[in-house]
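This report refers to the structure that appears directly beneath it.
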Amino acid sequence: MNRTVVFVGAVHLGASAPLTPGCQPPCEEDDPAPSYEILTDRPDWEPGSGRVRVEETRIVIAYTTTDGSQWEVEYTR
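Here's what the structure looks like:
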């Protein structure tokens, strides 16, 4: 079940990401941050452990569960 939720979230994130480099006007002067924090109230995730790293050709989602297991999922585009 957890992998399904992460997969669905990553698919939506990947589908909304532009396929061309750069940004569409209006662009901010600073580059966007390379990683983002996932805010969730899932009871099986360690609070504050969810991270999304967006790179040119891949998206990496990482988190830790309350039992101490660390998970990382990579999607290429």
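Remember, the numbering used here sits 4 above the position in the sequence shown when you count from 1.
Where a beta carbon is used, it is the ideal one built from N, C-alpha and C, also for glycine.
Everything numeric in this text was worked out from a predicted model, so none of it was measured.
Quick check on the burial criterion: 16 or more other C-beta atoms within 10 angstroms. Buried or exposed for Gly54?
With 16 or more Cβ atoms within 10 Å of its Cβ, Gly54 is classed as buried.
Are Val56 and Tyr40 closer than 7 angstroms when you measure CB to CB?
Cβ distance < 7 angstroms, so Val56 and Tyr40 count as in contact.
Return helix, strand or coil for Glu41, following the three-state DSSP convention.
In the structure shown, Glu41 sits in a strand (DSSP, three-state: E or B).
List the endpoints of the continuous beta strand (DSSP E) containing Arg81.
Taken as a continuous stretch (DSSP letters only), Arg81 belongs to no beta strand (DSSP E), as it is neither H nor E.
Three-way DSSP call (helix, strand, coil) for Arg46 in this model
Of the three classes helix, strand and coil, the one that applies to Arg46 here is coil, per DSSP.
Distance check for Ile65 and Trp75, CA to CA, integer angstroms please.
Per the coordinates, the alpha-carbon of Trp75 lies some 8 angstroms from the alpha-carbon of Ile65.
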